[in-house]
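The letter at position 7 of the sequence shown is residue 7 when you use the working numbering, and the numbering goes up by one with no holes. Every residue gets a Cβ at the ideal spot worked out from N, C-alpha and C, and that includes glycine. This one's a predicted model, so the numbers in the text were calculated from it and none came from an experiment.
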Amino acid sequence: MTTSIKFIATDMDGTLLCDNKMLPSDFYEVFQQLQQKNILFSAASGRQYQSLVNTFKPVKDEMVFIAENGTLVMYKGKEIYSSTIPTDEIYTILQSVQQVPDCEIVLCGKNSAYTEATSERALNEIRKYYHNLKLVDDLFSVDDEFIKIAVLNFNGTEEHIYPVLAPLFGETHQVVVSAKIWLDLMHKTASKGAAIKHLQKEFGFTFEESMSFGDFFNDVEMLKETYHSYAMENAHPEIKKLARFEAPSNNEQGVMTVIKKTIL
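What follows is the structure in structure tokens.
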């Protein structure tokens with residue numbers, strides 16, 4: 001029985017959500033029990049803030065949203081942390097990514113996400129994670145505060161895109177494979193882990209009082225910033241090596257299983 005937990009962060013896709021993108025059947029029941037114990041719960045995802053709010057509408061004012069892989073943190077509708085990328089750096093990255101074959105780009109701003117994508121296949125995939133999405137003719141003409149560039153490649157980003165973009169931007173920016181077909185470029189210091197460090201100071205909980213669940217490379221820093229770090233049974237092998245503990249798979253409602261067994 002782990003009674004000292006004050007904060008839980010969970011990734012969404014491949015972690016809290018099953019492969020059909022559904023929340024666990026008992027999520028809201030477990031969430032209410034965590035509330036009664038004054039445990040702060042956070043969705044920590046590469047997904048857009050607006051997308052996360054839509055998923056958790058009934059409890060959106062009771063939880064923390066670590067959105068866009070830690071570049072934007074929101075609580076009760078207010079921004080409590082963000083990590084933006086200067087526009088000139090955005091333009092440099094866009095120019096390089098546009099040279100890479102078979103890639104679709106999502107430019108992520110605080111107000112919306114923007115894409116020049118036109119194929120139905122790409123737009124269907126993008127809309128899973130970006131509910132506020134504007135289709136534009138020219139990404140260079142967008143006016144917003146930018147927090148991330150997401151790259152979609154159906155051939156696989158770990159094999160095909162990371163080896164191209166990491167040598168170009170790995171020294172100056174965070175370049176992370178966030179899913180099999182997604183890669184994100186962010187501010188050098190941005191991560192889910194950096195966001196959690198900020199929350200530890202903001203809300204007064206410690207590394208030892210923190211629990212997290214993840215399955216892919218965008219969860220690395222989050223798992224490192226929480227003592228009770230869980231890799232899902234379906235996680236990438238490298239993530240399993242990194243985490244202290246293992247949870248059942250996302251399709252077995254592994255996050256809820258661990259929470260009920262160790263905290264409730």
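Asked	Found
To which residues does DSSP link residue 270 through a beta bridge?	Only positions 1 to 264 of the chain appear in the structure, and residue 270 is not among them; the question remains open.
Excluding the five sequence neighbours on either side, which residues of its own chain have a C-beta within less than 6 angstroms of the C-beta of residue 104, listed in chain order?	117, 122 and 152
Taking all protein chains shown into account, do 16 or more other C-beta atoms lie within 10 angstroms of the C-beta of residue 174, making it buried, or fewer, making it exposed?	buried
Please go through the stretch 93-156 and give each complete beta strand (DSSP E) segment of 3 or more residues, from N-terminal end onward.	104-109, 113-115, 133-135 and 146-152
Quick one: what does DSSP say residue 204 is sitting in, helix, strand or coil?	coil
Looking at the structure shown, is residue 257 part of a helix, part of a strand, or coil, going by DSSP?	helix
Could you tell me the alpha carbon to alpha carbon distance between residue 247 and residue 141, rounded to whole angstroms?	44 angstroms
Roughly how many whole angstroms lie between the Cα atoms of residue 235 and residue 156?	16 angstroms
Do three or more CB pairs link the stretch 162-181 to the stretch 195-205 at distances below 8 angstroms?	no
To the nearest angstrom, how far is the alpha carbon of residue 222 from that of residue 191?	7 angstroms
Near residue 164, what residues of its chain come up, given a Cβ to Cβ distance below 8 angstroms and the 5 sequence neighbours on each side ignored?	100
Got a sec? Which residues, its chain only, sit under 6 angstroms from residue 1 by beta carbon, not counting five neighbours each side?	Residue placement at residue 1 is poorly supported in this model, since its pLDDT is 47, which falls under 50; the coordinates still yield a value, given next. Excluding positions up to five away in sequence, the list is empty.
Within a Cβ cutoff of 6 angstroms, which residues of the same chain sit near residue 257, ignoring the five residues on either side of it in sequence?	248
Could you compute how far the alpha carbon of residue 10 sits from the alpha carbon of residue 143?	31 angstroms
Residue 51 by DSSP, collapsed to three states: which one?	helix
Jot down the residue ranges of each uninterrupted alpha helix (DSSP H) in the stretch 9-47, minimum 4 residues, whole runs only, in chain order.	27-36
Here's the rule: buried if 16 or more other CB atoms are within 10 angstroms of the residue's CB, otherwise exposed. What is residue 22?	exposed
Helix, strand or coil for residue 230 per DSSP?	strand
Starting from the Cα of residue 111, find the closest Cα among 96, 79 and 126 and give me that residue.	79
On the three-pair Cβ rule with 8 angstroms, is the stretch 228-242 touching the stretch 207-220?	yes
Tell me which residues share the same chain as residue 238 and place their Cβ nearer than 8 angstroms to its Cβ, disregarding the 5 neighbours each side in the sequence.	217
With distance defined between alpha-carbon atoms, name the residue in 55, 150 and 61 nearest to residue 139.	150
Grouping DSSP H, G and I as helix and E and B as strand, with all else coil, what is residue 217?	helix
Going by the beta-carbon positions, is the gap between residue 94 and residue 115 smaller than 8 angstroms?	no
Can you tell me whether residue 59 is buried or exposed? The criterion is at least 16 other CB atoms within 10 Å of its CB, across all chains shown.	exposed
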